[in-house]
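Step one of this worksheet: look at the structure below.
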Amino acid sequence: MNAHLTRRHFILTATSAAGGLMIGIGAAPAIAEAATVVAQPWNEDNAYAANEIDAWIAIDPDDSILIRYPRSEMGQGSMTALPMIVTEELHCDWSKVRVEYASANRNVRKNNLYSPMRSAGSRTVRGTQKKMQQVGASGRERLIAAAAARWNVPASECTAALSVVTHGPSGQTLRYGELAADAAKIKLAAEPAIKTPDQFTFIGKPMPRIDVARKIDGSAKFGIDAQLPDMVFAAINACPVAGGKLKNVDESVLAGAPGVLQVVRLDNAVAVVAAGSYWRAKQALARLQPEWDVGAAGSVDSDQLSQAFHAALSEPMVTARNDGDVDQAMSGTAKTFEAVYETPYLSHSPMEPMNATVHLQPDRLDVWVGTQAADEATEAAAKAAGLEPEQVYLHNCFVGGGFGRRDASDEIIQAIAIAKVVQKPVKLVWTREEDTRQDKFRPHAVVGFKAVAGSDGLPAAWSMRVVTSSIIASTGGKPPAKGPEPQAVAGLADNGYNVPNTRVEALIKNTHLPVWYWRAPGQNQHVFALESFLDEIASASGLDPYQVRRKLLEGKPDWLKVLDTAADKGDWGKPLPRGTARGIAICKDDDSLCAQVAEVTVRPSGEVKVNRVTIALDTRYMVNPLTIAEQAEGSVIFGLTAALYGKIAIKGGVPVQGNFDTYRMVRLAEAPKIDVHLVPSGGKVWGGAGEAALPPIAGAVANAIFAATGKRIRTLPIIDNDLSYSAV
Amino acid sequence: MITLTVNGTQHDIDLEPDTPLLWALRDAVGLTGTKFGCGIAQCGACTVHINGRAMRSCSVPIGTLAGASIVTIEGLSPDAQHPVQQAWLAEDVPQCGYCQSGQIMATVSFLKQYPNPTDAEIDAGITNICRCGTYERLRRAIHRAADLMKA
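Protein chains in written order, with the working numbering: chain A, 42 to 769; chain B, -15 to 135.
Given below as structure tokens:
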């Protein structure tokens, strides 16, 4: 069994068109050459080990090149971008590049050589860019050195291009496949210098993603697709009130239920294990009526939480930013603006419900899962299984949507607990309802604003006070010694506006509900609040919302570039029919800048349709503009779902929404036309691409709704607001 | 025992007749390209063709499928050369990819009915959820697939 599992692997062979030329032209691309994705976990008898030149790169005799990808692929395209960075330096033939997940087990055994393996915070590309360049450059120089030694010539006379080393003076050539074994033995005296961005020739080209071919024929393997001999299926129901415990469950109702093997009681959950199909486990679970010990949290409702958060606005807070003297600037000024904005809990709701498949043996644990953090999940799994991390083989799979949810390992820990009882390979899958209600949510937050405007109508002083919950506390991490945790004030404390008197404060108020990183944490709710509040001031001052932002961003050319681009390409100021209007918003997120113009139609009935969104995005640098544009488009839809419909309400301590019939998603018919304009400004820091285009959309849409109807939205979701108006 | 014909091959399924086709495909037949997303026919990740028509397999009991011809994403084409798959590749549609089997199966069926679809017809006809928000490219790919199928 061990040997079987050791060699068991998902072949995630993917095919890529050879170059960026396939994008945007009329014909369908021919699948001419294959860049493949394999996911064969490393181990000592790995077939590729023989052809490795190091832990990152293996080159086969036929010149196909295997590059290990150390992080997670959840749709963000980094599994294409990181190998592109290696390719830039390795001077290899992209059409012969294959990619596999780096082994989390090898990482443990070899001093964390792939860590951090976490894909989060839009950091996968910018957090590995220099390292990936170094990996590629080192490989190239060793291949050149191997060729030079073979020819007995100085390495300086040799060059490498497209997987071939050429000796200039003699014109001799050797293929990488012929040099790999020698290159593996070469130690460079010093690591070669890596290219500066102006020297890039491959980075920056729009390249089709290497994983797409396997995502159009059903062959891409997600965690939920794991299949093992003798595998059984588990469905689980954790206490619907977070923090509650399982008191009792009567399993006699399942007598004779087809395929049911066992009812497993966990501290806070009950699971049913069945043979043959997951459906059997799910159906049987639905028949159980577990009794829970829910404690005081069992009487918590949304209204009560909302009132408590609003009331807390007047309590003392922790200061995150304090420029000038807000109190003095506000004293005695007649024109004061005040508003309170509120954003609800949200679940992540990736399309692939949470799941994990485990095979627990006395001295070894195999886990199949799609995780955003394979190294941390390995540690968590080892702890749960009572094994050493070296004994854990975590086979990371394609992630069917992460958005911040898939780095907590709670599903893995549950699966291990079940496997301990059933003593068989077990696949645990959450129902959609479980996935929604057992989420670790985007926090509920309330922001209280106060501002005064100068004679020019622009804000001269403003105060922003936040009441929210601590993500760090939910993760078990340590809060910062000074100031509020960054997510509590993200999008506010880091706003780009030149307002001489600015104060940002926060108060942490935790509830029984765990809160977590949710795509663009902090920004995803606070940017809506700030951009809407600024719009209130602009409107009251009779100023154009775009021009107000221009004035407040004076002297910041990168901010102005995205703002102007969005306004220009989004037709700001051009006439529209009654009921249709544009709104604008801007933010900084993960060192990137993004501005958006949304064109929205509101019918007299109050029905909202977002017609068109224009995005200007500055990620500073770009590895793959195609996937950056895709991330921007997707971020807008993700943010639009939250803005229009997103709300997890709480009743009796329980999240009310469960499935997509009550937790509504934007679908094709509601999806606006989206234009993306990429305007990288360079500089010292690379920006992230996976989140920055999310925060502005809610504000841009809400501001457009105000322009169309005169109705200001201060509470999300938009659908909960009455936007009807008289058509005459 | 229920006999299902999936992608032209007969499979004897030892599951209860009320078992949704989705779970028979994934757990008994072993074809995992058809995905579980919601279980209540809301999201469409489980879309397959039953007698040529797109159906949400999470809500079709296998007891109703004797003699039916079932086609999954794995059986759509032998080599991923179906025009809809080619259009998806050309437009680089998938992100996480989890919903895309269902999106493709829904589109194949839709284009049989609407070979020259307008945007409005696409809006009404393709209702599957994509959480990554690939709709911009998905819409383009549907038009491209329609063109490819005419060529």
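For glycine and all other residues, C-beta sits at the position ideal for the given N, C-alpha and C.
Contact under 8 angstroms by Cβ, residue i with residue j
i	j	result
Ser340(A)	Gly620(A)	no
Ile126(B)	Ile110(B)	yes
Leu229(A)	Glu182(A)	yes
Arg112(A)	Ser160(A)	yes
Met89(B)	Ala130(B)	no
Gln479(A)	Ala279(A)	yes
Asn539(A)	Leu735(A)	no
Asp631(A)	Gly162(A)	yes
Ile257(A)	Lys171(A)	no
Glu495(A)	Ala486(A)	Note on identity: in this sequence residue 495(A) is Gly, with Glu being the wrong assignment. No, they are not a contact pair.
Phe439(A)	Phe263(A)	yes
Asp448(A)	Ser156(A)	no
Glu232(A)	Gln175(A)	yes
Leu658(A)	Val603(A)	yes
Ile126(A)	Val664(A)	yes
Met395(A)	Gly442(A)	no
Ser41(B)	Val32(B)	yes
Below-8 angstroms beta-carbon distance, residue i vs any chain A residue
i	result
Gly(-8)(B)	no
Gln84(B)	yes
Pro1(B)	no
Ala130(B)	no
Phe20(B)	yes
Ile106(B)	yes
Cys30(B)	no
Ile24(B)	yes
Ile57(B)	yes
Thr143(B)	Limits of chain B in this structure are -15 at one end and 135 at the other, which puts residue 143(B) out of reach.
Host beta strand (DSSP E) of residue i (start-end)
i	result
Gln566(A)	Counting along the chain, Gln566(A) falls outside any beta strand (DSSP E), though it belongs to the alpha helix (DSSP H) covering Gln564 to Ala581.
Trp97(A)	First-last for Trp97(A): undefined, no H or E at that position.
Met505(A)	Pro500 to Thr509
Arg544(A)	Asn542 to Ile549
Glu332(A)	Glu332 to Asp334
Asp368(A)	Here Asp368(A) belongs to no beta strand (DSSP E); instead the alpha helix (DSSP H) covers Val367 to Met371.
Bounding residues of the alpha helix (DSSP H) (the contiguous stretch that carries residue i)
i	result
Ile746(A)	Pro736 to Thr750
Tyr766(A)	Per DSSP, Tyr766(A) belongs to no alpha helix (DSSP H) and is neither H nor E.
Phe350(A)	Ser343 to Ala353
Arg183(A)	Gln170 to Trp192
Ile454(A)	Asp451 to Val463
Tyr217(A)	Tyr217 to Lys226
Met120(A)	Ser119 to Leu131
Glu475(A)	Arg473 to Arg478
Asn148(A)	Ala145 to Arg150
Interface flag, residue i vs chain B, CB-CB below 8 angstroms
i	result
Thr472(A)	yes
Asn762(A)	no
Leu667(A)	yes
Phe241(A)	no
Ala712(A)	yes
Pro391(A)	yes
Trp320(A)	yes
Pro249(A)	yes
Lys151(A)	no
Arg755(A)	no
Thr758(A)	According to the sequence provided, residue 758(A) is Pro. The question's Thr does not apply to it. Cβ-Cβ to chain B under 8 angstroms: no for Pro758(A).
Min CB distance residue i to chain D below 8 angstroms
i	result
Val603(A)	Looking at the structure shown, chain D is missing, and the protein chains on hand are A and B.
Exercise. Please list the residues of the stretch 110 to 122 of chain B that have a C-beta atom closer than 9 angstroms to any C-beta atom in chain A, keeping them in chain order.
Key: Ile110, Thr111, Asn112, Ile113, Cys114, Arg115, Cys116, Gly117, Thr118, Tyr119, Glu120, Arg121 and Leu122
Self-check item: beta strand (DSSP E) runs contained entirely in the stretch 292 to 325 of chain A, provided each spans 3 or more residues
Solution: 301 to 306 and 310 to 315
Self-check item: Within the stretch 69 to 120 of chain B, ranges of the alpha helix (DSSP H) (whole runs, at least 4 residues)
Solution: 84 to 97 and 103 to 109
Quiz prompt | Under 7 angstroms (Cβ pairs) to chain B, residues found in the stretch 678 to 691 of chain A | solution = Ile678 and Phe679
Self-check item: Near-chain A residues of the stretch 71 to 98 of chain B - C-beta to any C-beta below 7 angstroms
Solution: Ala71, Trp72, Leu73, Ala74, Asp76, Pro78, Gln79, Cys80, Gly81, Tyr82, Cys83, Gln84, Ser85 and Ile88
Practice problem: For the stretch 90 to 119 of chain A, enumerate the residues whose C-beta is nearer than 9 angstroms to any C-beta of chain B, in chain order. | Solution: Glu114, Met115, Gly116, Gln117 and Gly118
Quiz item: Which whole runs of the alpha helix (DSSP H) in the stretch 380 to 443 of chain A are 4 residues long or more, in chain order?
Solution: 415 to 426
Self-check item: Complete runs of the alpha helix (DSSP H) confined to the stretch 605 to 687 of chain A [at least 4 residues]
Solution: 666 to 685
Exercise. Could you list the residues in the stretch 258 to 274 of chain A with a C-beta less than 8 angstroms from some C-beta on chain B, going in chain order?
Key: Asp258, Gly259, Ser260, Ala261, Lys262, Phe263, Ile265, Asp266, Gln268 and Phe274
Practice problem: Note down, one range per segment and in chain order, each beta strand (DSSP E) of at least 3 residues found wholly within the stretch 9 to 45 of chain B. | Solution: 31 to 34 and 37 to 40
Quiz item: When you check each C-beta in the stretch 389 to 415 of chain A against every C-beta of chain B, which residues fall closer than 8 angstroms?
Solution: Ser390, Pro391, Met392, Glu393 and Pro394
Quiz item: In chain order, what residues of the stretch 703 to 736 of chain A put their CB closer than 8 angstroms to some CB of chain B?
Solution: Met706, Val707, Arg708, Leu709, Ala710, Ala712, Lys714 and Ile715
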